[in-house]
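Visitor: Going letter by letter, the sequence shown gives residues 1 to 249 in UniProt numbering.
Dropping the structure in here first, questions after.
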Amino acid sequence: MSERILVAVIGATGRMGGEAAKAVEAADDLQLVGRFDDGDDLGNLGGAQVAVEFTVPDASPANVAHCVARGVHVVVGTTGWSDERLETLRTQLQESSDTGVLIAPNFAIGALLMMSFAQQAAKFYESVEIVETHHPDKVDAPSGTAARTADLIGTAREDAGLDPVPDATTSDPGGARGARVHGIPVHAMRLRGRVAHQEVSFGGVGEALTIRHDSFDRVSFMPGVLTGVRKVAAHPGLTVGLEHFLGID
Ligand SMILES: NC(=O)c1ccc[n+]([C@@H]2O[C@H](COP(=O)([O-])OP(=O)(O)OC[C@H]3O[C@@H](n4cnc5c(N)ncnc54)[C@H](O)[C@@H]3O)[C@@H](O)[C@H]2O)c1
Ligand SMILES: O=C(O)C1=N[C@H](C(=O)O)CCC1
């Protein structure tokens with residue numbers, strides 16, 4: 001058997017980091033060499049070749065920068081990466097050109113397909129809105145998945161020369177029409193008992209198309225995380241979206 005990939009998990013006592021550590025330990029071709037959480041010195045990442053990062057939006061850029069500075073590839077699941085933060089990371093990666101960083105707003109295969117299908121449908125429908133539902137312990141809204149979906153749809157609509165989504169609302173003091181991401185209305189629900197769910201609703205004259213994905217358990221993200229770990233070294237530089245490793249793009 002070829003040598004195992006040495007992996008560290010940052011955010012290892014969290015919901016996703018804990019699940020990722022278990023998945024790495026269960027994989028024959030991977031070896032877990034380090035678990036880190038808030039307050040730990042990341043040092044040399046326990047000798048890891050690849051770090052998996054699931055923390056919080058404000059901590060993630062520094063953790064990733066620490067790995068990149070040491071030539072450790074990173075698979076990032078943490079959401080909340082703004083364009084500005086991504087740009088800073090691209091600059092850091094220029095100093096470490098063999099290092100790969102994958103930032104994946106969602107690792108579930110069905111979520112990647114949902115985004116791809118929504119992108120495909122976008123130019124055919126006058127109206128579109130996104131509703132995402134997550135557990136109430138989530139700190140960021142809208143979800144990274146919803147923000148990415150809205151970006152993909154917004155870009156596809158622009159490329160097709162579509163007008164803005166129709167909306168006659170002139171009074172909305174409480175924000176009932178939701179947030180706007182790339183011109184697309186996005187609504188976020190936080191409900192005990194849920195994990196991660198999203199519905200993209202399209203409307204055309206006399207018809208509707210709804211694309212829905214549900215993650216009922218965090219194990220749904222693990223095959224994607226492990227694919228990221230296995231492939232990230234072969235993709236130097238920054239990749240946003242696991243779809244680029246799977247040929248879904
Ligand atoms: N990409 C995906 O498929 C996917 C799936 C689920 C969750 N997420 C994202 O992953 C992130 C984590 O989600 P979660 O549910 O595991 O959250 P969580 O709160 O359960 O875990 C976060 C962990 O990060 C730790 N942490 C905080 N600051 C840190 C630091 N500076 N260094 C190291 N560790 C630190 C916390 O102590 C905690 O253990 C969120 O941004 C969430 O949106 C992404
Ligand atoms: O549980 C979370 O938090 C999730 N975050 C990601 C997002 O913001 O899109 C992916 C789904 C689960």
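Backbone N, C-alpha and C fix where the C-beta goes; we use that ideal spot for every residue, glycine too.
1) Return the Cβ separation of I184 and E129 in integer angstroms, given the expectation that the two are a contact with Cβ distance under 8 Å.
2) Given a threshold of 16 other Cβ atoms within 10 Å of its Cβ, counted over all protein chains shown, does G71 qualify as buried or as exposed?
3) The beta strand (DSSP E) that contains R180, what's its start and end?
4) Compute the beta-carbon to beta-carbon distance between V186 and G178, rounded to the nearest angstrom, for a pair I have assumed lies under 8 Å.
5) Would you decide whether Q120 is buried or exposed? Buried here means 16 or more other CB atoms lie within 10 Å of its CB.
6) Do T133 and ligand 1 come close, with the Cβ less than 8 Å from some heavy atom?
7) Could you give the distance in angstroms between the alpha-carbon of D98 and the alpha-carbon of P173?
8) Alpha carbon to alpha carbon, how far is D38 from A27? Give it in angstroms, no decimals.
9) Does the distance from the CB of L32 to the CB of A51 come in under 9 Å?
10) Would DSSP call I248 helix, strand or coil?
Guide: From the atom records:
1) In the sequence shown, the residue the question calls residue 184 occupies position 184. In the sequence shown, the residue the question calls residue 129 occupies position 129. That pair is a contact at about 7 Å.
2) Locating residue 71 in the sequence shown gives position 71, where the first residue counts as 1. Answer is exposed; the Cβ neighbour count stays below 16.
3) On the sequence shown, residue 180 is found 180 positions in, with the first residue counted as 1. A179 to V181 is the extent of the beta strand (DSSP E) around R180.
4) Translated into positions along the sequence shown, residue 186 becomes position 186. Translated into positions along the sequence shown, residue 178 becomes position 178. Confirmed, about 6 Å.
5) For the purposes of this step, residue 120 is identified with residue 120 of the sequence shown, where counting begins at 1. Classification of Q120: exposed, given that the 10 Å Cβ count is below 16.
6) Translated into the one-based positions of the sequence shown, residue 133 becomes position 133. No; taking the cut-off as 8 Å, the Cβ of T133 has no heavy atom of ligand 1 nearer than that.
7) One-based indexing of the sequence shown puts residue 98 at position 98. One-based indexing of the sequence shown puts residue 173 at position 173. C-alpha separation (whole angstroms): 50 Å.
8) Numbered from its first residue, the sequence shown carries residue 27 at position 27. Numbered from its first residue, the sequence shown carries residue 38 at position 38. If I take the Cα positions, the gap works out to 26 Å.
9) Working through the sequence shown from its first residue, we reach residue 32 at position 32. Working through the sequence shown from its first residue, we reach residue 51 at position 51. Their beta carbons are not under 9 Å apart, which means L32 does not touch A51 by this criterion.
10) As a position in the sequence shown, residue 248 is number 248, starting the count at 1. DSSP places I248 in coil when its eight states are reduced to three.
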